[in-house]
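Quick note, the sequence shown lines up with residues 17 to 620 if you use the numbering used here. By construction, the Cβ of each residue, glycine as well, lies at the ideal position given by its N, Cα and C atoms.
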Amino acid sequence: MPTARRLRPSEGAADLGATPVQVGLDELGTPLRDVTFVVVDLETTGGRAAEDAITEIGAVKVRGGEVLGEFQTLVDPGGPVPPFIQVLTGITTSMLIGAPTIAQVLPGFLEFARGAVLVAHNAPFDVGFLRAAAARCDRAWPGFQVVDTVRLARRVVLRDEAPNHKLSTLAALFGATETPNHRALADARATVDVLHALLGRLAPLGVTHLEDLATATDPVPADVRRRSTLADGLPDSPGVYLFRGPREEVLYVGVSTTSLRRRVRSYFTSAEKRGRMTEMVRLAVRVDPVVCASPLEARVRELRLIAEHAPRYNRRSRAPERMPWVRLTDEPFPRLSVVRDVRTGTAHIGPFASRALAQQAVDALHATFAVRQCTGRLPAVPAPGAHACVLAEVGRCGAPCVGGQDVAAYAPVVEALREAMTRDPRDVAEAHAVRIRTLAAQERFEDAAVVRDRLTAFVRGAGRAQRHARAAACRELVAARRTQEGGWELVLVRHGRLAGTAVVDRRTDPLPVVASLRAGGEHVTAPVAPATAAHPEETDLVLAWLEQPGVRLVAVDGEWSSPARSAQSVRDAAAAVTLDLVAPRAPLVDDAPTTAVVEPQRTA
Numbered sequence: 017m018p019t020a021r022r023l024r025p026s027e028g029a030a031d032l033g034a035t036p037v038q039v040g041l042d043e044l045g046t047p048l049r050d051v052t053f054v055v056v057d058l059e060t061t062g063g064r065a066a067e068d069a070i071t072e073i074g075a076v077k078v079r080g081g082e083v084l085g086e087f088q089t090l091v092d093p094g095g096p097v098p099p100f101i102q103v104l105t106g107i108t109t110s111m112l113i114g115a116p117t118i119a120q121v122l123p124g125f126l127e128f129a130r131g132a133v134l135v136a137h138n139a140p141f142d143v144g145f146l147r148a149a150a151a152r153c154d155r156a157w158p159g160f161q162v163v164d165t166v167r168l169a170r171r172v173v174l175r176d177e178a179p180n181h182k183l184s185t186l187a188a189l190f191g192a193t194e195t196p197n198h199r200a201l202a203d204a205r206a207t208v209d210v211l212h213a214l215l216g217r218l219a220p221l222g223v224t225h226l227e228d229l230a231t232a233t234d235p236v237p238a239d240v241r242r243r244s245t246l247a248d249g250l251p252d253s254p255g256v257y258l259f260r261g262p263r264e265e266v267l268y269v270g271v272s273t274t275s276l277r278r279r280v281r282s283y284f285t286s287a288e289k290r291g292r293m294t295e296m297v298r299l300a301v302r303v304d305p306v307v308c309a310s311p312l313e314a315r316v317r318e319l320r321l322i323a324e325h326a327p328r329y330n331r332r333s334r335a336p337e338r339m340p341w342v343r344l345t346d347e348p349f350p351r352l353s354v355v356r357d358v359r360t361g362t363a364h365i366g367p368f369a370s371r372a373l374a375q376q377a378v379d380a381l382h383a384t385f386a387v388r389q390c391t392g393r394l395p396a397v398p399a400p401g402a403h404a405c406v407l408a409e410v411g412r413c414g415a416p417c418v419g420g421q422d423v424a425a426y427a428p429v430v431e432a433l434r435e436a437m438t439r440d441p442r443d444v445a446e447a448h449a450v451r452i453r454t455l456a457a458q459e460r461f462e463d464a465a466v467v468r469d470r471l472t473a474f475v476r477g478a479g480r481a482q483r484h485a486r487a488a489a490c491r492e493l494v495a496a497r498r499t500q501e502g503g504w505e506l507v508l509v510r511h512g513r514l515a516g517t518a519v520v521d522r523r524t525d526p527l528p529v530v531a532s533l534r535a536g537g538e539h540v541t542a543p544v545a546p547a548t549a550a551h552p553e554e555t556d557l558v559l560a561w562l563e564q565p566g567v568r569l570v571a572v573d574g575e576w577s578s579p580a581r582s583a584q585s586v587r588d589a590a591a592a593v594t595l596d597l598v599a600p601r602a603p604l605v606d607d608a609p610t611t612a613v614v615e616p617q618r619t620a
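Structure follows, in structure tokens:
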């Protein structure tokens, strides 16, 4: 029975060490000396694979520098050979009379090359003709890995060594035992010698395994490619990797949901386009792996390690405590405020990725509800000498600061605002939809975009808060999902935090593992909702996993529900614009007539 995994609050690489194990050869990749190559060359009636035909196939099978076999045959192209091709190759039309057709030859060649890596000089030409022939014969192309010696030569043969990268030029440069003569087998034999010479030059650049060959022609600096040995020994499983610098500092934390080894290797190829990552790789001296049971656990551990170490080369998720919220303040005349924490007894939406997004959500609410926008705390009874701001003069505020509204008159505005923030966003969504339609009809598209952006910020912030609130309130939840192998992936969530995970195979009863997971899972203290006990992005990951098709709830301790008319029903501004307005809604406050309100008389 597998052991359930408990996720602890903070885990650095020093705390995540595992018992050393002997690394298998399959985890290191396939050394080039163990790779079987089939070097192929074709002669054809022309240069267009869709219209011309093959006249000769020559191939040499090699492994570890040893020739394992050769394949050579003329092929009847089904028509005459053009005169200039006869002069170039020496293959005449009469020579091909009685030769087998490509339909007869191709099965034998594919069997000869089965399981090998195809090599050709100017591979797109030769492989293109072979693929076209397979299509004409209604045969599936096996999908060989292909190596082009022209591209390899461009990587390591300089112009001062050879004027070009033609096969005859390279064969002379490297002293090939066979001289190319435009006959398939002779050219294939020459290409074998060229391949071996090129691999010898690539070895000092870190190209020593089959996996390296796939990116050997990438424009990667030699010092970066040589550091690919940092990936040697990494496991071929999901997990997190930490690049460490010369002082053991964590430079970068990354995640792989499939293979740690393959993901780390990609940093040393042209697949990595980020200049900052190249700079980081040059500083790194070690890569520490953290093997995880599942992709979800890997993504969560990545977030936690980034938050713990704040690596200089990670740009996201380093400071979750700085993510802002929008709060409805708790006072006689509540207002909206952008804050850094969550308190009990009042409404919140968020958290937001930036203060600018939080402010856009505030603007959306201000545009819908006549809530006060001043920042000071107002007493229940206006102070003598208080005066109203310009918003009251233009009809966008009821002026509670000067007695225009008392607490009872202001309460319905606050209640409608609270309802939009915590339950039903339709007032905000539909009012903004009307405004967007109006502006679009007037061809004021830039103004419509501003309204769209603030509506989108509000909907996303409110939706996130509502989703997180149900997770925060749920003391414990256990869920299961079938794996591709027929087993179960089990997840334990407490107050929105991943508290444990396990994977069982199809032959193991999952219920004892569930019991072990619940007994040994991480203890999580209840948070102040709607904030959860985890990094907001961790809760997003957990909720996304729970919402996948096929996930089953095994046990729930607490409530697990969402409002029927929640902000999740309005995914974005485009959805809001297409809503059917069941009943007329109040226009946006900033569309109200700009007539001054009568200010109440002040008493001396």
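Do you know offhand how far residue i's Cα is from residue j's?
i, j, result
"L126", "T71", "17 Å"
"P98", "V121", "22 Å"
"V418", "C405", "10 Å"
"L58", "Q88", "10 Å"
"F141", "R130", "20 Å"
"T224", "G80", "12 Å"
"A515", "D252", "25 Å"
"V358", "A396", "24 Å"
"T454", "V429", "25 Å"
"P546", "V301", "42 Å"
"Q376", "W341", "12 Å"
"R356", "P543", "15 Å"
"F160", "A481", "50 Å"
"E265", "V271", "18 Å"
"R155", "A75", "20 Å"
"A464", "L267", "43 Å"
"T360", "A432", "19 Å"
"W157", "D164", "18 Å"
"R470", "V378", "8 Å"
"R170", "E554", "46 Å"
"D31", "V306", "Because D31 carries a pLDDT of 41, less than 50, the predicted location of this residue cannot be relied on, and the following value inherits that uncertainty. Distance between the alpha carbons of D31 and V306 is about 10 Å."
"L214", "A187", "11 Å"
Nearest CA to the CA of residue i: which residue from the options?
i, options, result
"V572", "R371, L508 and V418", "L508"
"G512", "G479, V530, L493 and Q500", "L493"
"A119", "G144, A148 and R439", "A148"
"A66", "G74, P93, T89 and G80", "P93"
"T548", "H403, R476 and H364", "H364"
"I73", "R205, A424 and V355", "R205"
"P447", "R568, W157, T384 and H325", "Residue identity check: residue 447 is Ala in the sequence provided, not Pro. Measuring from the Cα of A447, the nearest candidate turns out to be T384."
"G414", "A372, T360, R351 and V444", "R351"
"P311", "V256, E227, T294 and R359", "V256"
"F349", "G291, R393 and A136", "R393"
"V466", "A372, E435, W561 and P552", "A372"
"P262", "G95, M296, D346 and R315", "M296"
"R260", "D304, T274, V236 and R281", "D304"
Looking only at its own chain, which residues have a Cβ that is under 6 Å from the Cβ of residue i, when we skip the five neighbours before and after it?
i, result
"N138", "V166"
"K77", "V54, L84 and G85"
"T499", "E505"
"R623", "Summary: the structure shown does not reach residue 623, with the chain confined to residues 17 through 620, and so no result is reported for it."
"R439", "P579"
"R320", "none"
"Q38", "Any reading at Q38 must be qualified, since the residue scores a pLDDT of 41, below 50, and its modelled position is unreliable; no value is offered."
"Q421", "G414"
Name the two residues that bound the continuous alpha helix (DSSP H) containing residue i.
i, result
"V529", "P526 to G536"
"V429", "V423 to T438"
"V133", "Here V133 belongs to no alpha helix (DSSP H); instead the beta strand (DSSP E) covers V133 to A136."
"I322", "P311 to H325"
"A624", "Only positions 17 to 620 of the chain appear in this structure, which leaves residue 624 out of reach."
"Q375", "R371 to T384"
If I follow the unbroken beta strand (DSSP E) through residue i, where does it start and stop?
i, result
"Q120", "That residue, Q120, is in no beta strand (DSSP E); its alpha helix (DSSP H) goes I118 to A129."
"D357", "Unbroken run through D357: none, as it is neither H nor E."
"Q161", "Per DSSP, Q161 belongs to no beta strand (DSSP E) and is neither H nor E."
"E72", "I70 to R79"
"R205", "Careful: R205 lies outside any beta strand (DSSP E), inside the alpha helix (DSSP H) at A200 to L218."
With a CB to CB cut of under 8 Å and the five nearest residues on each side skipped, what residues in its chain are close to residue i?
i, result
"T245", "G222"
"S577", "R486"
Within the same chain, show all residues whose beta-carbon is closer than 7 Å to that of residue i, passing over the 5 residues directly before and after it, in chain order.
i, result
"V540", "R510, H511, R513, A515 and A549"
"G40", "Note that G40 scores a pLDDT of 41, beneath 50, so its modelled location is shaky and nothing firm can be said."
"M437", "L344, A363, I365 and A478"
Legend entry - alpha helix (DSSP H) segments (min. 4 residues) lying fully within the region 530-583: When DSSP assignments are scanned along the region 530-583, the uninterrupted stretches of alpha helix (DSSP H) that are 4 or more residues long and fall wholly within it turn out to be 552-562.
Legend entry - Ordered list of alpha helix (DSSP H) runs contained in the region 231-278, each at least 4 residues: Those alpha helix (DSSP H) runs which fall completely within the region 231-278 and span 4+ residues are 238-242.
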